[in-house]
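Here's the structure, in structure tokens; my notes come after.
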Amino acid sequence: MEYFKYCPWDGYRFSETDVQCFICKRPKYTLNNQPQENEKKWEKILYEKQPYDDNYIDETFLQSVVKQDNSNGLDYKQLISKTSDLIFTINSVVIYMLTYFVMLHNILETNYILITTISITFTGLIIYTMLIDKPQEWHSVLSNVKNVGIYVSILLLFAPVMQTVNQTYSDDTIYLLTSGSIIYYLLTKNYDYESVAELETWKADSSNWSSLLFSSLLASRLNNEIEVFIMIGLSQVLFILTQFVKKQIKDKHPRILSMINILLSIYLGLQLLFFSYFLALLYLGLVFFITFVSPLQLIWLYQYKNTIQGPWDLPDVKQYD
Amino acid sequence: MHIFQLGLCLMERGHKVIIITHKYDDRVGVRYMTNGLKVYYTPFMPIHDQVVLFTYVGSLPLLRQILIREQIHVVHSHAATSFFAGELLLHAKSLGYKTVFTDHSLFAFNDAASFHVNKILKFILSEVDHAISVSHISKENLSMRASLNPRNISVIPNAVDCSRFKPDPSKRYPMNTINIVVISRLTFRKGVDLLIDVVPAICKKFPQVYFILGGDGPKRGPLEDMIRQHELQDRVEMLGSVPSHKVRDVLVRGHIFLNTSLTEAFCIAIVEAASCGLFVVSTNVGGVLEVLPKNMVNFAKPDPLDIIEKLSIAIPIARNVPSHQYHEQVAKMYSWHGVAERAEHVYKKILNTPNPSLLQRVKHSYSNGPVFGIYIIILLLIEWVLIGIFDIIQPAAKINKAFRVKDDYKNNKDKFGDHQFRLNDLNK
Numbered sequence: 000m001e002y003f004k005y006c007p008w009d010g011y012r013f014s015e016t017d018v019q020c021f022i023c024k025r026p027k028y029t030l031n032n033q034p035q036e037n038e039k040k041w042e043k044i045l046y047e048k049q050p051y052d053d054n055y056i057d058e059t060f061l062q063s064v065v066k067q068d069n070s071n072g073l074d075y076k077q078l079i080s081k082t083s084d085l086i087f088t089i090n091s092v093v094i095y096m097l098t099y100f101v102m103l104h105n106i107l108e109t110n111y112i113l114i115t116t117i118s119i120t121f122t123g124l125i126i127y128t129m130l131i132d133k134p135q136e137w138h139s140v141l142s143n144v145k146n147v148g149i150y151v152s153i154l155l156l157f158a159p160v161m162q163t164v165n166q167t168y169s170d171d172t173i174y175l176l177t178s179g180s181i182i183y184y185l186l187t188k189n190y191d192y193e194s195v196a197e198l199e200t201w202k203a204d205s206s207n208w209s210s211l212l213f214s215s216l217l218a219s220r221l222n223n224e225i226e227v228f229i230m231i232g233l234s235q236v237l238f239i240l241t242q243f244v245k246k247q248i249k250d251k252h253p254r255i256l257s258m259i260n261i262l263l264s265i266y267l268g269l270q271l272l273f274f275s276y277f278l279a280l281l282y283l284g285l286v287f288f289i290t291f292v293s294p295l296q297l298i299w300l301y302q303y304k305n306t307i308q309g310p311w312d313l314p315d316v317k318q319y320d
Numbered sequence: 000m001h002i003f004q005l006g007l008c009l010m011e012r013g014h015k016v017i018i019i020t021h022k023y024d025d026r027v028g029v030r031y032m033t034n035g036l037k038v039y040y041t042p043f044m045p046i047h048d049q050v051v052l053f054t055y056v057g058s059l060p061l062l063r064q065i066l067i068r069e070q071i072h073v074v075h076s077h078a079a080t081s082f083f084a085g086e087l088l089l090h091a092k093s094l095g096y097k098t099v100f101t102d103h104s105l106f107a108f109n110d111a112a113s114f115h116v117n118k119i120l121k122f123i124l125s126e127v128d129h130a131i132s133v134s135h136i137s138k139e140n141l142s143m144r145a146s147l148n149p150r151n152i153s154v155i156p157n158a159v160d161c162s163r164f165k166p167d168p169s170k171r172y173p174m175n176t177i178n179i180v181v182i183s184r185l186t187f188r189k190g191v192d193l194l195i196d197v198v199p200a201i202c203k204k205f206p207q208v209y210f211i212l213g214g215d216g217p218k219r220g221p222l223e224d225m226i227r228q229h230e231l232q233d234r235v236e237m238l239g240s241v242p243s244h245k246v247r248d249v250l251v252r253g254h255i256f257l258n259t260s261l262t263e264a265f266c267i268a269i270v271e272a273a274s275c276g277l278f279v280v281s282t283n284v285g286g287v288l289e290v291l292p293k294n295m296v297n298f299a300k301p302d303p304l305d306i307i308e309k310l311s312i313a314i315p316i317a318r319n320v321p322s323h324q325y326h327e328q329v330a331k332m333y334s335w336h337g338v339a340e341r342a343e344h345v346y347k348k349i350l351n352t353p354n355p356s357l358l359q360r361v362k363h364s365y366s367n368g369p370v371f372g373i374y375i376i377i378l379l380l381i382e383w384v385l386i387g388i389f390d391i392i393q394p395a396a397k398i399n400k401a402f403r404v405k406d407d408y409k410n411n412k413d414k415f416g417d418h419q420f421r422l423n424d425l426n427k
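Chains A and B, in that order, give the protein sequences.
Counting along the first sequence from 1, when you hit position 86 you're at 85 in numbering that gives the first Met the number 0, and nothing is skipped either side.
Counting along the second sequence from 1, when you hit position 95 you're at 94 in numbering that gives the first Met the number 0, and nothing is skipped either side.
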């Protein structure tokens, strides 16, 4: 007796020793209504009326289906390196929150924080300029400097407004909204860095607006306009500009980015210890879980992924907008 | 068009056919179309893109009344994305009618939209007696998506009314050019991005080629940008949206029909083009490979270079295409009468099968998964109770049955006296 090579219900490919389908447990399907020697062989065509019933199937049924074998799909080390984008973003958020708490409780002088922020910004700019392939022409550099000058002036001008606009809301409301915005930012941020970190094609999305929202909410709790200016400016640097530098570093020196992530995580963990043991443990636990445990979970789950491909899939074509 | 043509042909074969659909603008109530085809425009408003919200029990009272009043035996629904059709199938099954579903599209398995559509389709089709697909690829796709027994799926292709798509080589203009016609919705799925690469290359390679592009959609802008960029305003004609009754007039202007779809279950456009005597160049996706014989079509991979190569083979022979011979061939291959005959065969087969009991339906429903399955069982039980209540409030015996016009006059006109009189005779 002849049998189908594939289960007609879910496309599982039978081996020689199988007696039933591994997935749906139905018995191996037999071929019925085989054509006689002198009958025309059934073809997969519609333009001719064939001497078979309309519901006839033969051994070629589902042969066009391709099922991907996912048992050896993912590499653990590769997955760990892919978590670096998410860890970097979480570190950016933690740096921002630490800076906020430091300013709120006057732990460090405002001038010191301002100088540090400006230094980090310029350092990032220098690294970016050194790493990009295209040399910058003088007129575009001057144009960028002019744009930055205008932006900084506007920010300084609106800093008093930003400080007072949400002042009437209670602290609880502000912190609740901030928490929600941070979670929204982390969830909706595009971690596919190749598509977002090109200056020419970058567009703001909802995660960027969310970062602006929580930075302006927190700014309303601060003591003076300079601190507000620092917070808003720092949010732009950390949540928008750093991704371009990060892409260049990751493209050219991926190990350096990994080292930066590790050192930054350890440094931030130690800093958080000064504020709260619980927060520090939570942060370090989260980083460890995302970096080392989640990839293992994904590898375990991946073997159950059912990828079915066939002539119904849309081919990959270049798109025009 | 499929439902309309199939309905008319089934009526010609002596069956009673009614169509149930939703509201269209102000059109609500009962309408009679060609040959007395009755259409119920039920007062359910489409929310988006001609799709009615799935209410499950909202449509039950009205649909029950219609099915009992019209003394229906088989309920035949179309299209996977029509929630109204799915709802009607479920109600028809609960009311004890036989159900048939025709699928017209192909869906993938690996994207978010497909997960949801396939899950809902599996739910709806777990209740159907027989399914029909329009191509063999569509049958494979449907059996995997809805986990149906492939022996319960018949392949009955679409057809074309060839009397409306007759060739006319004298209508080809501009003259002295090889005209390539493209009529489709200008969307990603129809491969307009491939067209944007193909058109300038072909225009450059063949100075005698003229493109006629019909249709509208979101990709119209990039297409117009391409024409402007390559200065092809005198080589490419954009017609915009073409009404369905004018499609033939556009097709007969061409020598070649180009189809760049990225996925098609059947592709009726190429059959219409072949019926109008055009040579077809098409992408070899989905069920397109099964539709036309090799003498009428060149298949290309969905890649601009391959399409250009296949068009380059077709263009030199375009003027010598035997248009009328193509038309006659297509008329023999695809006809709505043939489709009606095959559909009738399906209906007769399922009318002899027993109806599943409520317990069997509950077991089928549970196969949809541990969570969704329980949800479906609850819906089934609610519907069973509601039908019981309706049977008490409005028993089937008390619902007036619709009058059926008999075919006696059509079959024997002489028996009904002199039917040659004219109004003028009355005044004499």
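Note that the Cβ used here is the ideal one computed from N, Cα and C, for glycine as well.
Quantities reported herein were computed from a predicted structural model and do not represent experimental measurements.
> From the DSSP output, which residues share a beta bridge with V99(B)?
Replying inline: According to DSSP, V99(B) bridges with H75(B), H129(B).
>> Using 8 Å as the threshold, is the C-beta distance between T109(A) and E226(A) below it?
In response: Yes; because the gap between Cβ atoms is below 8 Å, this pair is in contact.
> What whole-angstrom Cβ distance do R184(B) and G216(B) have, given they're in contact under 8 Å?
Replying inline: Yes, R184(B) and G216(B) are in contact; Cβ-Cβ is about 5 Å, under 8 Å.
>> Quick check: the Cα distance between V241(B) and A272(B), rounded to an integer number of angstroms?
In response: Distance between V241(B) and A272(B), taken at the CA atoms: about 15 Å.
> With 16 other CB atoms within 10 Å as the buried threshold, where does C275(B) fall?
Replying inline: Buried is the call here.
> Any Cβ of chain B within less than 8 Å of the Cβ of P159(A)?
Replying inline: Output row for P159(A): interface = no.
> Per DSSP, T20(B) forms a beta bridge with which residues?
Replying inline: Answer is Y40(B).
> Quick one: what's Q308(A) bridged to in DSSP?
Replying inline: Q308(A) pairs with V65(A).
> Across which residues does DSSP place G35(B) in a beta bridge pair?
Replying inline: None, per the DSSP bridge assignment.
>> Give me, in chain order, the residues of the same chain whose beta-carbon lies closer than 7 Å to that of L233(A); leave out the 5 immediate sequence neighbours on both sides.
In response: If we look at L233(A) and ignore the five residues flanking it on each side, its Cβ neighbours are Y95, T98, T116.
> Per DSSP, which one or two residues make a beta bridge with P292(B)?
Replying inline: The partner list for P292(B) (beta bridge, DSSP) is empty, contrary to what the question assumes.
> Which class does I182(B) belong to by DSSP, given the choice of helix, strand or coil?
Replying inline: Shown here, I182(B) sits in a strand according to DSSP, grouped into three states.
> Can you tell which of S264(A), Q296(A), I298(A), H104(A) has its C-alpha closest to the C-alpha of L345(A)?
Replying inline: The question about residue 345(A) has no answer, for chain A in this structure spans 0 to 320.
> Quick one: is G10(A) buried, meaning 16 or more other Cβ sit within 10 Å of its Cβ, or exposed?
Replying inline: Buried, by the Cβ-count rule.
>> Using a Cβ-Cβ cutoff of less than 7 Å, which residues in the same chain neighbour H103(B) once the five nearest sequence positions on both sides are dropped?
In response: Excluding positions up to five away in sequence, the list reads H77, A78, V133, A264.
> So, is W208(A) buried or exposed, given that buried needs 16 or more other C-beta atoms within 10 angstroms?
Replying inline: Classified as exposed, W208(A) has fewer than 16 neighbouring CB atoms from the shown chains inside 10 Å of its CB.
> Taking just the CA atoms, how far does K317(A) sit from L103(A)?
Replying inline: Computed Cα separation, rounded: 51 Å.
>> Suppose contacts are defined by Cβ-Cβ distances below 8 Å. Is P50(A) in contact with P149(B) by that definition?
In response: No, Cβ-Cβ distance for P50(A) and P149(B) is not below 8 Å.
> So, is E36(A) buried or exposed, given that buried needs 16 or more other C-beta atoms within 10 angstroms?
Replying inline: Interpretation of E36(A) is limited by its pLDDT of 49, a score under 50 that renders its predicted location unreliable; the figure taken from the coordinates is listed afterwards. By the neighbour-count criterion, in which a residue is buried when 16 or more other Cβ atoms sit within 10 angstroms of its Cβ, E36(A) is exposed.
>> By alpha-carbon positions, which one of S169(A), V244(A), Y174(A), S118(A) ends up nearest to I259(A)?
In response: It is V244(A) whose Cα lies nearest to the Cα of I259(A).
> Going by the CB atoms, is the gap between I229(A) and S214(A) shorter than 8 Å?
Replying inline: Cβ distance not < 8 Å, so S214(A) and I229(A) don't count as in contact.
> Would you say V65(A) faces chain B, with C-beta separation under 8 Å as the test?
Replying inline: Answer no: the Cβ-Cβ gap between V65(A) and chain B never drops below 8 Å.
>> For F389(B) and L358(B), I'd like the C-alpha separation in whole angstroms.
In response: Approximately 21 Å between the Cα atoms of the pair.
> Since A299(B) sits in a beta bridge, which residues does DSSP pair it with?
Replying inline: Answer is T282(B).
>> For a contact defined as C-beta to C-beta under 8 Å, what are the partners of L107(A) on chain B?
In response: Neighbours of L107(A) in chain B, taken as residues whose beta carbon is under 8 Å from its own, are absent, since the nearest beta carbon is some 47 Å off.
> Is DSSP giving S146(B) helix, strand or coil here?
Replying inline: The three-state reading of DSSP puts S146(B) in coil, since its state is none of H, G, I, E or B.
> Can you tell me whether S142(B) is buried or exposed, with buried defined as 16 or more other CB within 10 angstroms of its CB?
Replying inline: With 16 or more other Cβ atoms within 10 Å, it is buried.
>> Tell me the rounded alpha-carbon separation between V56(B) and E236(B).
In response: Near 50 Å, if we compare the C-alpha coordinates of E236(B) and V56(B).
> Three-state secondary structure (DSSP) at H254(B)?
Replying inline: Coil, per DSSP.
> I think K15(B) touches T41(B), with their Cβ atoms under 8 Å apart; what is that distance to the nearest whole Å?
Replying inline: Going by Cβ atoms, the distance from K15(B) to T41(B) rounds to 19 Å, so no, they are not a contact pair.
>> Cβ closer than 7 Å: which chain B residues qualify as neighbours of K317(A)?
In response: Per Cβ cutoff of 7 Å: D192.
>> For I89(A), count the other beta carbons within 10 Å of its own beta carbon; 16 or more makes it buried, fewer makes it exposed. Which is it?
In response: Counting Cβ neighbours within 10 Å, I89(A) comes out buried, since at least 16 surround it.
> Under three-state DSSP, which class holds E263(B)?
Replying inline: The three-state secondary structure of E263(B), taken from DSSP, is coil.
> Any chance the CB of N222(A) is under 7 Å from a heavy atom of the ligand ZN?
Replying inline: No copy of the ligand ZN appears in this structure; indeed no ligand is present at all.
> V154(B) lies in the beta strand (DSSP E); which residues open and close that run?
Replying inline: Its beta strand (DSSP E) spans residues 152-154.
> F210(B) bridges to which residues according to DSSP?
Replying inline: Answer by DSSP bridge pairing, in chain order: I179(B), V235(B).
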